[in-house]
Structure formats: structure tokens, C-alpha cells
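Asks:
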Amino acid sequence: MAPRRHTPLAISLAYYRPGRAIERVCGGADGAGMVSAARALLAAVTRVLLLADMVVVRQLLLAKDKVARSLDRLESVSNFAEFVRAFTEFGGGMVELARLTAERRADLRDERRRAQVAAARNVLERSTLMLLTSSKTCMRHPGSASARENRDTVFCQMRRAMDLIHYVVRDGLPGHEEQSHEAAQWEAGTALGALRGLTAQVRTARARGGADAVRRRALASTLRALVERTHDFTDSAYTSHDHRQRILALAERIAYELERLVAVAVSVEEQGASGSGAALESACAGATSAAGELERALVAAARDQARDLPPLAEDARRLATDLAYIASSCGERESERLHNIASRLHEQLDHIIEVCKLLRHIAMSETLQVSAKFAEINLRIYGPQVVTAARTLAAHPGSAAARENLDVFVDMWAWLLTDAARLAKELLDLTDERPDKQQYSSLPRPGKHGTTSKPLKAVRLDSDEQAKIAKSGLEMKMMSSEMDAETEKWQGADENNDIVKRAKNMSSMAFAMYQFTKGEGRLNTTQDLFTQAEYFAEEANRLYKIVRQFSYQVPAGTMKKELLEHLDKVPTYVQQLQFTVKEPTVGRAATFSKVDNVIQETKHLMNVISKVVTTCFDCANKYKLDFTGLSAGGAGAGGRSSRDEDTAGGGGGDAKPGGSTSDTAM
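In C-alpha cells, the structure reads:
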């Protein structure tokens, strides 16, 4: 039932009466009356806020209902002219729904709810074009069962997305606490969540010196949920035998340790047994240790499969392209070949869905959990529809509508594969300890490495601020990935190759700054970010000196000119970043503006460094040059005379604007 409509007069009266009461009390000296009137005003403000929220909810639900009615009309049209009119009406409703859901998402404070609204909006947006092409194909070929299946699947998925929006919007409102079957599916738990819940319960039992009957039942319930969720790992055909056996063994060990814990707790409760503290401590320590090992085993099993996802997705994308080609050029004449490719596509789809399911279990944030869940759902529903659309085209090879419909479904398939690969890459990055870069990326102490002597007040970014700089952070992450890919080509280089070491170091720091824009990683406050940015600039300065020495070995020509053109930009970007970091700020808004500027300047510097490293290695590969002995403090191998150094733009000094050098370190 929709909330009761409230007029502006009712809202104004809610403010007016308590306000008049306070005004009357202020004229006298009644302190108790002042407190009572203030409480009444606070209650009135709360009622007004609740009323305003209910109005917003009502507007959004009305817009959702309007789109739902448009979908019903679209599904029942019988001719193309009527379909065009209905689709125009549907488009207008979708625009309004998109606007209202975007505003509602910005107001939500719960991370899971925000992610669910974003996922639902994504489904609606991507499905709209498929709704158009599948409906056109169905009207062109009304007797085609495959065309009708395409269309009905799109309608069903769009309705599910609107149901999720309805659920999120009504969640928490009075009288809407009950969850439907669909809601329970959306709120499915993870193995990592069960493990951490179990660990928290064990620690509570240790702190309390035992566990009463209620807590023992809770432990048993959590253990059952954990075992059930680990079945997704052990039952998967793609989990290796070693991972499966280790997970099963650790699950049995946790059950054994919890049995010990429960036995000790029962003994304490029934007999008040003295001297059981050591036994309880041993059982709790054993359960906690086993839970930690199981978490690492689950992450390792999921990572093992996630590494296979990019090539798997690429192969699945190629199969879909081949399927579309065969369906359009050969029709049903090569139905056996079409069937074989469709079977391989289904196999790839099953594998990718399994990987997404495991990635959801190890996701450390609710946003990633929702993303993995919806990647799995969308692949499961829309993946087979590529084959269905291909069969429609094979049955009607001359149909432009069927061809267009298949192209749109193939595009959707490519989008879903890209989403899955991106999710796998992000979770691999987050669960990767990156041990080879830790020695470079530790934060310098205040007052060292050129940091300001008086640090700024350390603050954390809220979710809205993180959203505003998310795009810049993602761009910097992509540059970090490109730098990693470039240095990976040179793994066989000499161990004393300082260019590779510095490049990896800067890539690690850029990745940490990207994690900061997501509210994750080891950089917790804005001061951590600014300190890391200064250290990043110093590393760029050191890399500049090393590459400058290396440039003396490069023969004159186009490649050396290109290298020096990129290299001469480094000093300017270094100083711009350092000036930005040292700029004083007052207030939260100014601090956020500084964070945004630091991210932008770091991104610019990272971009030019990436070009320098790429060009440097191109030169080394072409001219077979030696990296041995290059360092930030020496002349390096193949050193030139001072005249050559002056000609090249400087020797081993630090980077300054315009390519000049100095013996003073920044």
C-alpha cells in the first residue's frame, strides 16, 4: 500500500505549533517548559523528515509502476505502429525512473543497498536495446519460438530489476520488514562472511569464559552455513583436487574445534568446573586458527580460477562471434557446426558462472559481493540467449531484424564478459599481498623524504567524496596496470636493473592511491595520501636520473629524440605534484579539493613515466643496450663527458623544470 499523501499545509503545521510553544516559553522563565517545547520541536522535525522521505519513496514507486504498465502494454501489442507508440511511452518512463533512482541511490547510506540499486539500474539500461530488437524480431517472425524466448527473457529480467528497486526502496519502511523469496536470494551470504561471523562468535565465547545455550546454537547455525557455502568450492568441477581436499580437511578441523569448545562450555555451565580456562583457551585458539587457514584456502582456490577468467572470457567472446557468423552466412545448412559451437559456448558459460560464484564468496566489500552476484545472475540468464538469437537468425537468414537482434545480444555477451573479467582483476588485486613491492611502498615517517614538518589534520573521505574521485582513481589504476604489463615483459632483465625496480615501485604506489579512492587499502587518511604522493614524486625524480644516464647510451636518432621528449616532461610534473601536496588547506571542502588535485597530478606524472619506461625499453631492445650499473647516484655504465652531459640536458642530478639539474636532492 502506498504511503498516505501529505499536503504542504500539514508539514508546515508540524513545524509551526512546536515553534510557537518555544516562542511563548522564551518570554518567561520556565526552564522545564523550554525543555519540553524543544523536545516537541525535535519530534516535529523528525516527523517532517520522515514525511519528506515517504514522499520521495512514493514518487519513485509511482514511476516504477508506470514503467511496469508500459512493459505490460509492450508485451501485448500486435502491430509495429502500436509498438512504436508504446515504446515511446516506455522510454519516457524509463528516463524518469533513472533520474529518481539515481537521486535515491545518492541518499542511501547502506553500501549494499547502493550497490543493489546501481546493479538494477545497469540491468534496465542495458536491457532496453535488447527489448527493442527482440520485440521487433518477434513481430517480424510471430511463429518463431526462439524469437519469443528472447523477448520473454528480456521482459522477465527487466521486471526482476524493478522488483529489486521496489525492495530496496521499501526496505526499512514501517510494515515492510518481511523479505520475499527474491529478496532472500538477493541477500545470500558468503563463505567469507560466515567465517568472520564464526570467528567473532568464538572470540565472544573466549571473552565471556564460555558460551550459554543460545550462543552454542548460534555457533552450530553459523557452522552449518559455513559448510554449506564451502560446497560451492568443493562441488565445483573446476576446483583442483588439492584445493578441494584442503578445504574439506579444514572444514572438518573447524567442526572438531567447535565440538571441543561446546564441550568445555557445557562443562563450565553444568558443573562450574574449575581449571577449564586453559581448555577453553585451547579450543578457541584452535577454532580461530582453523578459520584463518580456511579463509586463506578459499581465497587461494578462488584466485586459482580467477586467473583463468581473462583468457576464458576472450575465448567465449570469440565463440559468440563465430556463432553469429555461421548463423548469418550458412543458416540451418550447417546446423551441426552451429550446435557444436553452441555447446562449447555453454561449457564456457558454466565455467565463468562458477568463477563468479567463488569470487562472490571471497569479496571483501558488499559492493563487490553485489557486483559478483549480479554478474553471475546476468550471465546465467542472458548467456544462453545468444545461442537462442543465433538459432532465430539461422532459421531466417535473410531477416534484418533477426540479424540486428543477434548483434545486440552478442554485444551484451561481450559486456557481461568484460564485467566478469574486471571483477576478477579487481579481486585478484585486492587479495594479492604484492610482496615484491612492499619494500618500496612503506610510508615514510613525518618530517622525512621531503614531507611537511607540520602535518595536516588526517581525515577520511566519506562515500560521496569517494564517488566524486572514483573516475580519476580508476584511470590511475589502469595506468598502474599498464606499467605492470610493461615491466612484466622484462622479467628476465638483470637483477640490478634500477629502471624496472623504480617503475614497479611507482606502480605499487599508484595502485595504493587508487585503493584510497575506493576507501580500501593501507592509505587510510588524506595525510597518508599526501605523504605517499610526495614519496611518489621523489621516486619519479630518481627514475628521471637513472633514465637520463641511460639516454647517454642511446645512439642519436628518432628513438632517442622521442625518449628525451618524454623525459624532459618529468621535472615539470614532479614539481607540480610537490607544489600541490605542500599547498596548505583549511576545512573539509578544501582538503577534498586538494585530494582531487593530488590524484590528478599523480595521474599526469604516471602517464608520462609510463611513456618514458616504454620508450626506454624499446631503445634497449632495438640497440641491445646494457642496464648494468645504472643508479640514481652514479654515472652508470657508458658514462659520457661533461660536455656530452650538458648537451643531453644534465647528468646525475635531480629533475628540475626544463631539464636542468642540481646536486641538491628534492
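Heads up: the sequence shown runs through residues 0 to 665, numbered per numbering that gives the first Met the number 0.
We put the beta carbon where it would ideally sit given N, CA and C, even for glycine.
Since this is a predicted model, take the numbers as computed values, not measurements.
Quick one: what's got a C-beta closer than 8 Å to L318's C-beta in the same chain, skipping five residues either side?
Replies: The residue given as residue 318 occupies position 319 in the sequence shown. Once the five neighbours on either side are set aside, the close Cβ partners of L318 are I340, R343, L344, Q347.
Asks: So which of C155, Q156, M157, S133 has the shortest CA-CA distance to A146?
Replies: The count along the sequence shown starts at 1 and reaches residue 146 at position 147. Ranking the options by Cα distance to A146, first place goes to S133.
Asks: Is S550 closer than 8 Å to L542 when the C-beta atoms are compared?
Replies: As a working note, residue 542 is residue 543 in the sequence shown. As a working note, residue 550 is residue 551 in the sequence shown. No, the pair does not count as a contact, with Cβ atoms beyond the cut-off.
Asks: Output the distance between the C-alpha atoms of Q58 and R72, rounded to the nearest integer angstrom.
Replies: Locating residue 58 in the sequence shown gives position 59, counting from the first residue. Locating residue 72 in the sequence shown gives position 73, counting from the first residue. For Q58 and R72, the distance between alpha carbons rounds to 21 Å.
Asks: For the candidate residues T238, N523, D162, whose alpha-carbon lies nearest to that of V594?
Replies: Locating residue 594 in the sequence shown gives position 595, where the first residue counts as 1. Looking at the Cα atoms, N523 is the closest of the given residues.
Asks: Does the distance from the CB of H360 to the CB of A224 come in under 8 Å?
Replies: Residue mapping note: residue 360 aligns to position 361 of the sequence shown, counting from 1. Residue mapping note: residue 224 aligns to position 225 of the sequence shown, counting from 1. Contact flag unset, no.
Asks: Can you tell me which of Q574, L566, P583, S220 puts its alpha carbon nearest to the alpha carbon of Q526?
Replies: Looking up residue 526 in the sequence shown gives position 527. Per the Cα distances, P583.
Asks: Please report the Cβ distance between R214 and A206, rounded to the nearest whole angstrom; I am assuming they are in contact, meaning their Cβ atoms lie under 8 Å.
Replies: Numbered from 1 along the sequence shown, position 215 holds the residue referred to as residue 214. Numbered from 1 along the sequence shown, position 207 holds the residue referred to as residue 206. About 11 Å separates the two Cβ atoms, so there is no contact after all.
Asks: Could you tell me which uninterrupted alpha helix (DSSP H) segments, each at least 4 residues in length, are contained entirely in the segment 493-536, listed from first to last along the chain?
Replies: Entirely contained in the segment 493-536, the alpha helix (DSSP H) runs reaching 4 residues are, in chain order, 497-516.
Asks: Quick one: grab the DSSP three-state call for N606.
Replies: Numbered from 1 along the sequence shown, position 607 holds the residue referred to as residue 606. Helix.
Asks: Helix or strand or just coil, what does DSSP make of Q552?
Replies: Position 553 of the sequence shown, counted from the first residue, corresponds to residue 552. Q552: coil per DSSP, three-state reduction.
Asks: Since P310 is in the alpha helix (DSSP H), which residue starts that stretch and which ends it?
Replies: The residue you call residue 310 lines up with position 311 of the sequence shown. That run of the alpha helix (DSSP H) goes 308-328.
Asks: What are the boundary residues of the alpha helix (DSSP H) that D625 is part of?
Replies: Within the sequence shown, the letter at position 626 stands for residue 625. Careful: D625 lies outside any alpha helix (DSSP H) and carries neither H nor E.
Asks: Consult DSSP for R245 and reduce its assignment to one of helix, strand or coil.
Replies: Here residue 245 is taken as the residue at index 246 of the sequence shown, counted from 1. Residue state, collapsed to three classes: helix.
Asks: What separation, rounded to the nearest whole angstrom, lies between the Cα atoms of S220 and E102?
Replies: Locating residue 220 in the sequence shown gives position 221, where the first residue counts as 1. Locating residue 102 in the sequence shown gives position 103, where the first residue counts as 1. Looking at the two C-alpha atoms, the distance is approximately 39 Å.
Asks: Cα separation between M129 and N377?
Replies: Your numbering for residue 129 matches position 130 in the sequence shown. Your numbering for residue 377 matches position 378 in the sequence shown. Between M129 and N377, the C-alpha separation is close to 13 Å.
Asks: Note the first and the last residue of the continuous alpha helix (DSSP H) segment covering L358.
Replies: By 1-based counting over the sequence shown, the position of residue 358 is 359. Looking at the DSSP string, the run of the alpha helix (DSSP H) that includes L358 is 334-361.
Asks: Alpha carbon to alpha carbon, how far is Q244 from L422?
Replies: Sequence index remark: in the sequence shown, residue 244 carries index 245 (1-based). Sequence index remark: in the sequence shown, residue 422 carries index 423 (1-based). Roughly 27 Å separates the two Cα atoms.
Asks: Is the Cβ of A374 closer than 8 Å to any Cβ of chain B?
Replies: The displayed structure is made up of one protein chain only, and chain B is not part of it.
Asks: Which stretch, first to last residue, makes up the alpha helix (DSSP H) that contains T366?
Replies: For the purposes of this step, residue 366 is taken as residue 367 along the sequence shown, with counting starting at 1. Unbroken alpha helix (DSSP H) run through T366: 365-394.
Asks: At which residues does the alpha helix (DSSP H) containing E582 begin and terminate?
Replies: Numbered from its first residue, the sequence shown carries residue 582 at position 583. Counting along the chain, E582 falls outside any alpha helix (DSSP H), and DSSP gives it neither H nor E.
Asks: Flag this pair as yes or no: are the beta carbons of R228 and G188 separated by less than 8 Å?
Replies: Counting from 1 along the sequence shown, the entry for residue 228 is found at position 229. Counting from 1 along the sequence shown, the entry for residue 188 is found at position 189. A contact, by the Cβ cut-off of 8 Å.
Asks: Decide if S328 is buried, meaning its Cβ has at least 16 other Cβ atoms within 10 Å, or exposed.
Replies: Along the sequence shown, one-based indexing puts residue 328 at 329. S328 comes out exposed.
Asks: Since V76 is in the alpha helix (DSSP H), which residue starts that stretch and which ends it?
Replies: By 1-based counting over the sequence shown, the position of residue 76 is 77. Premise fails: V76 is in no alpha helix (DSSP H) and is neither H nor E.
Asks: Taking 8 Å as the cut-off, does the segment 366-376 touch the segment 283-293 (at least 3 CB pairs, one atom from each stretch)?
Replies: Segments in contact, no.
Asks: Specify the secondary structure class of Y543 as computed by DSSP and reduced to three states.
Replies: By one-based count along the sequence shown, residue 543 stands at place 544. Looking at Y543 - three-state DSSP - the assignment turns out to be helix.
Asks: Leaving aside the five residues before and after H603 along the sequence, list all residues of the same chain whose C-beta is less than 7 Å from its C-beta, in chain order.
Replies: Numbered from 1 along the sequence shown, position 604 holds the residue referred to as residue 603. Taken in chain order, the residues that qualify are Y572.
Asks: Just verifying my parser: in three-state terms, what is the DSSP assignment at Y237?
Replies: Taking the first residue of the sequence shown as 1, we reach residue 237 at position 238. Looking at Y237 - three-state DSSP - the assignment turns out to be coil, as it is neither helix nor strand.
Asks: Tell me which residue opens and which closes the alpha helix (DSSP H) that K424 is part of.
Replies: In the sequence shown, the residue the question calls residue 424 occupies position 425. Counting along the chain, the alpha helix (DSSP H) containing K424 begins and ends at 399-430.
Asks: DSSP on D170, reduced to helix/strand/coil?
Replies: Locating residue 170 in the sequence shown gives position 171, counting from the first residue. If DSSP states are grouped into helix, strand and coil, D170 belongs with coil.
Asks: Measure the alpha-carbon distance for G196 versus R202 and round it to whole angstroms.
Replies: For the purposes of this step, residue 196 is taken as residue 197 along the sequence shown, with counting starting at 1. For the purposes of this step, residue 202 is taken as residue 203 along the sequence shown, with counting starting at 1. When rounded, the distance between both Cα atoms is 10 Å.
Asks: Is D276 helix, strand or coil when you go by DSSP?
Replies: In the sequence shown, the residue the question calls residue 276 occupies position 277. In the sequence as displayed, the identity of residue 276 is Gly instead of Asp. G276: helix per DSSP, three-state reduction.
Asks: Label G382 either buried or exposed according to how many other C-beta atoms from any shown protein chain fall within 10 Å of its C-beta, with 16 as the threshold for buried.
Replies: On the sequence shown, position 383 is the one that residue 382 refers to. Buried, by the Cβ-count rule.
Asks: What's the call for K356, buried or exposed, on a 16-neighbour Cβ count within 10 Å?
Replies: As a first step, residue 356 is located in the sequence shown; it is residue number 357 there, counting from the start. With 16 or more other Cβ atoms within 10 Å, it is buried.
Asks: Three-state secondary structure (DSSP) at P570?
Replies: As a working note, residue 570 is residue 571 in the sequence shown. Looking at P570 - three-state DSSP - the assignment turns out to be helix.
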